[in-house]
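Here the structure comes first, spelled out in structure tokens, and everything after it is commentary.
Chains as they are written, first to last, in our numbering: chain A, 2 to 354; chain B, -11 to 88.
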């Protein structure tokens, strides 16, 4: 759990491009396996960027589909109104192919929708014409490292040369997204993780012989510090007396953030930003400061709050050889458009700018 | 400070979490800084804003409804197969009704 794999139940994963750096997270193992060619493709789960950020850090392609596009049957639920499964692969076409296989209605997941699954590779080779790309003013002002900003701007110039039009847009509630996200994600996580009680599956620690002792000691042994911190905070914001002030408030702000995106998508076809404000960081560099770690999720979490699809594609490397990722967001069920634009960018050499 | 010793202990009890003194100290500091950060939401007026719980369809649409018909699910044996302690078709747990 978290954006570095340093809180893994097993051990941290290393970034194949620089072994002393993190691969991103939480699906950092999936992204590293693809980047190191141990796997052709992998699945990840994305609650706040856990497919896109590791794809960005490992220099591969990662797609978080629209909420409800892919069944979550079999996934350990974390934030039920945010979680989505999606593919990670080396090329856009591979990602599109796998999405075509995993998308669609599943009777085992009542939140999956029976929206038609198109051929995601259909028309992907066509040139992009007159596509309007929204650049959120708020995203490009907030603490992006120079090297990332530089690479993204080079990528945007390439897209302009390919026939896209850049439009500055506003997402006025961006500053509130992280606070909103963490209240909602931790509340949902604390509730979802209640099922790990040592009764029906997983670890059991006997405790002092009574039922509540067994619950407590099982959960103590099975959960790491990051998970416990999230459960404590999530339980707190849901507890009587604090529910309205934190959880309900966050759900209302979520509506405002959603409206920001609806307004933006009236003016533009897609929204582009860096996937992460920084290149991969060193192992151990941030793991002691949870808030700093959460803040680095600024560009990815809004897609989960709003339910829209987002893809992270490689956009060159820093002088040290660390991958930089570009994120493209679209309307609900606009995966074909994201894959199309990403593929055109890939074919034009955008991945190795 | 929103969260002190008493709150962490109370919440940990609600969540069935055993936490050490050391973790308690660490959490108090970290949780207060997170909550302080979350306070910024209060600067927004949300008086006439509906909460969002589900993002893709509206409450009225509710695509999750289906006819309530019996379906084949896991067998009892399969359902019990991951249990850490089972027997006689049940999950076993420590004594609930007891001496006290």
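The beta carbon of each residue, even a glycine, is placed where N, CA and C say it ideally should be. Here the structure is a predicted model, which is why all the values come from computation and not from measurement.
CB contact below 7 Å: residue i versus chain B
i, result
"residue 32 of chain A", "no"
"residue 189 of chain A", "no"
"residue 211 of chain A", "yes"
"residue 236 of chain A", "yes"
"residue 250 of chain A", "yes"
"residue 308 of chain A", "yes"
"residue 69 of chain A", "yes"
"residue 10 of chain A", "no"
"residue 109 of chain A", "no"
"residue 229 of chain A", "yes"
"residue 218 of chain A", "yes"
"residue 200 of chain A", "yes"
"residue 184 of chain A", "yes"
"residue 205 of chain A", "yes"
"residue 177 of chain A", "yes"
"residue 233 of chain A", "yes"
"residue 341 of chain A", "no"
"residue 333 of chain A", "yes"
"residue 215 of chain A", "yes"
Any C-beta of chain A under 7 Å from that of residue i
i, result
"residue 60 of chain B", "no"
"residue 70 of chain B", "yes"
"residue 6 of chain B", "yes"
Within chain B, the residues that residue i reaches when beta carbons sit closer than 7 Å
i, result
"residue 254 of chain A", "29, 32, 34"
"residue 112 of chain A", "52"
"residue 259 of chain A", "40, 43"
"residue 240 of chain A", "-1, 2"
Buried versus exposed, by CB contacts within 10 Å (16 or more), residue i
i, result
"residue 209 of chain A", "exposed"
"residue 229 of chain A", "buried"
"residue 54 of chain A", "buried"
"residue 295 of chain A", "buried"
"residue 1 of chain A", "Here chain A has residues from 2 to 354 only, and residue 1 of chain A is not among them."
"residue 85 of chain A", "buried"
"residue 204 of chain A", "exposed"
"residue 231 of chain A", "buried"
"residue 178 of chain A", "buried"
"residue 154 of chain A", "exposed"
"residue 233 of chain A", "buried"
"residue -5 of chain B", "buried"
"residue 64 of chain B", "exposed"
"residue 48 of chain A", "buried"
"residue 174 of chain A", "buried"
"residue 33 of chain B", "exposed"
"residue 303 of chain A", "buried"
Where residue i meets chain B, residues with beta-carbon distance less than 8 Å
i, result
"residue 76 of chain A", "Going along chain B, no residue has its Cβ under 8 Å from residue 76 of chain A, so there is no contact; the nearest lies around 16 Å."
"residue 221 of chain A", "5, 6, 7"
"residue 226 of chain A", "11, 14"
Residues that residue i bridges to, as DSSP identifies them
i, result
"residue 283 of chain A", "A/22"
"residue 226 of chain A", "Answer is none; residue 226 of chain A lacks a bridge partner."
"residue 104 of chain A", "A/71"
"residue 165 of chain A", "A/132"
"residue 318 of chain A", "A/324"
"residue 42 of chain A", "A/90"
"residue 275 of chain A", "A/327"
"residue 78 of chain B", "B/75"
Residues near residue i by beta carbon distance below 7 Å, same chain, minus five either side
i, result
"residue 188 of chain A", "235, 238, 239, 248"
"residue 297 of chain A", "4, 277, 278, 279"
"residue 256 of chain A", "none"
"residue 333 of chain A", "67, 308, 309"
"residue 39 of chain B", "none"
"residue -9 of chain B", "16, 19, 20, 23"
Own chain, CB closer than 6 Å to residue i, minus 5 neighbours either side, in chain order
i, result
"residue 355 of chain A", "Since the first residue shown for chain A is 2 and the last is 354, residue 355 of chain A is missing from the structure and cannot be characterised."
"residue 314 of chain A", "62, 327, 343"
"residue 71 of chain B", "79"
"residue 251 of chain A", "181, 184, 185"
"residue 351 of chain A", "156, 159"
Beta-carbon neighbours of residue i, restricted to chain B and to distances below 9 Å
i, result
"residue 272 of chain A", "The contacting residues do not exist; residue 272 of chain A stays about 16 Å from chain B at best."
"residue 247 of chain A", "23, 26, 29"
"residue 82 of chain A", "40, 41, 42, 43"
Amino acids of chain A, ordered along the chain, whose beta-carbon sits closer than 8 Å to that of residue i
i, result
"residue 55 of chain B", "Near residue 55 of chain B there are no residues of chain A at all, since even the closest Cβ is about 12 Å away, more than 8 Å."
"residue -5 of chain B", "237"
Residues of its chain near residue i, where Cβ-Cβ distance is below 8 Å and the 5 sequence neighbours each way are ignored
i, result
"residue 37 of chain A", "17"
"residue 41 of chain A", "35, 90, 91, 95"
"residue 10 of chain A", "225"
"residue 268 of chain A", "133, 135, 168, 170"
"residue 21 of chain A", "15, 283, 284"
Listed by chain order, chain A residues near residue i by CB distance under 7 Å
i, result
"residue 76 of chain B", "Simply none; closest approach about 15 Å."
Cβ-heavy atom distance, residue i to the ligand SAH, below 6 Å
i, result
"residue 126 of chain A", "The model depicted lacks the ligand SAH and carries no ligand whatsoever."
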